[in-house]
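**Q**
Residue numbers (our numbering): 576 to 661.
1. I'd like the list of long-range same chain contacts for residue 593, defined as Cβ closer than 7 Å, with 5 residues on each side in sequence excluded.
2. With a CB to CB cut of under 8 Å and the five nearest residues on each side skipped, what residues in its chain are close to residue 649?
3. Quick one: Cα of residue 597 to Cα of residue 621, how far?
4. Mapping DSSP to helix, strand and coil, what is residue 588?
5. Which residues bound the alpha helix (DSSP H) around residue 629?
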């Protein structure tokens, strides 16, 4: 596949894009685990009404288009700084 980047087996360091993918995956997994745990707690009556209200009222930070644009700019700058390793 022409667009698939290869990672040098000798140099196992990840570039900025790889680190971003891993970080986003970890965040998604943590959010899924949290949701599953909350669903279990609600089904089993293990959480109080007050705790549910606190969870619902807690603002959840969202990723904005500006955040994504900033990340893309960082990745582009990083890609220009490094020699092509593909």
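Just so you know, even glycine gets a beta-carbon here, dropped at the ideal spot from N, CA and C. As the structure is a prediction and not an experimental result, all values here were calculated from the model.
**A** In short, the structure shows the following:
1. none
2. Beyond the five residues adjoining it in sequence on each side, residue 649 comes within less than 8 Å, by CB distance, of 591 in the same chain, given in chain order.
3. If you draw a straight line from the Cα of residue 597 to the Cα of residue 621, it comes to about 32 Å.
4. coil
5. 624-632
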